[in-house]
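J.:
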Amino acid sequence: MSPLIKELIAEHLEITQALNKVKQSGVQSQEGRDTLLAAKKALLAHLEKEDRLLYPALNRAAQSNKSLKRTLAVFAADMATVSGSALAFFDKYAGDSSGMAFAKDFGGLFATLSQRIRKEENILYKKHDEVSG
Numbered sequence: 001m002s003p004l005i006k007e008l009i010a011e012h013l014e015i016t017q018a019l020n021k022v023k024q025s026g027v028q029s030q031e032g033r034d035t036l037l038a039a040k041k042a043l044l045a046h047l048e049k050e051d052r053l054l055y056p057a058l059n060r061a062a063q064s065n066k067s068l069k070r071t072l073a074v075f076a077a078d079m080a081t082v083s084g085s086a087l088a089f090f091d092k093y094a095g096d097s098s099g100m101a102f103a104k105d106f107g108g109l110f111a112t113l114s115q116r117i118r119k120e121e122n123i124l125y126k127k128h129d130e131v132s133g
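Position 22 of the sequence shown, counting from 1, maps to 22 under the UniProt record's numbering, and the rest follow consecutively.
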């Protein structure tokens, strides 16, 4: 496993742990809001790193690999949905909000991000190591 992939997986864990902390603290507490903001910053930094370091290598390899090109297209479409819903969630709950709506929306966000993380680690990151190793 390449150092980049190890780093990205560690960031996934950090983001997941922050979201779990928000879930425990609640968005109504200052600690919960601060942790939510930190999770948003970590997620944005992670996405920027993927855009800068992960995807260029994959896109280069996809120029001569139709299967990889299709895989990247699916991941790109999925990411547009995932990032849009995640950013909407973070914006909505940056301030005080009701507990029931937060719990429902948080559950949806957590499930969406967890699924995306599994797909990245099981498919995309392995493809990256194959083409760059």
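C-beta: ideal position from N, C-alpha, C; glycine also.
All values derive from a computational prediction rather than experimental measurement.
In chain order, what residues of the same chain lie with their CB nearer than 8 Å to the CB of residue 42, ignoring the 5 residues before and after it?
T.: The residues are 11, 14, 15, 18.
J.: Can you look up residue 115 in the DSSP assignment and give me helix, strand or coil?
T.: Residue state, collapsed to three classes: helix.
J.: Would you mind working out which of 8, 40, 56 sits nearest residue 92, comparing C-alpha positions?
T.: Looking at the Cα atoms, 40 is the closest of the given residues.
J.: In the structure shown, what three-state DSSP assignment does residue 27 receive?
T.: Note: residue 27 maps to coil in three-state DSSP.
J.: Counting Cβ pairs closer than 8 Å, one from the segment 112 to 121 and one from the segment 74 to 84, do we hit at least three?
T.: They touch, by the three-pair rule.
J.: What alpha helix (DSSP H) runs, 4 residues minimum, are completely inside the UniProt domain "Hemerythrin-like" (5 to 126)?
T.: Qualifying alpha helix (DSSP H) stretches, in chain order: 30 to 49, 55 to 62, 66 to 92, 99 to 119.
J.: Where does residue 2 sit, in a helix, a strand or coil, going by DSSP?
T.: Of the three classes helix, strand and coil, the one that applies to residue 2 here is coil, per DSSP.
J.: Could you check which residue in 48, 57, 26, 49 has the C-alpha nearest to that of residue 101?
T.: Ranking 48, 57, 26, 49 by Cα distance to residue 101 puts 26 first.
J.: Please work out which residues of its chain come closer than 7 Å, Cβ to Cβ, to residue 21, disregarding the five sequence neighbours upstream and downstream, and give them in chain order.
T.: Within the same chain, residue 21 has close Cβ partners 35.
J.: Are the CB atoms of residue 1 and residue 105 within a distance shorter than 8 Å?
T.: No, the Cβ-Cβ distance between residue 105 and residue 1 is not below 8 Å.
J.: Look at the alpha carbon of residue 125 and the alpha carbon of residue 108, and state the distance between them as a whole number of angstroms.
T.: Each residue's Cα considered, the two are about 24 Å apart.
J.: Throw me the rounded Cβ distance for the residue 94 and residue 37 pair, which I believe falls under 8 Å.
T.: Sure, about 7 Å apart at Cβ, within 8 Å.
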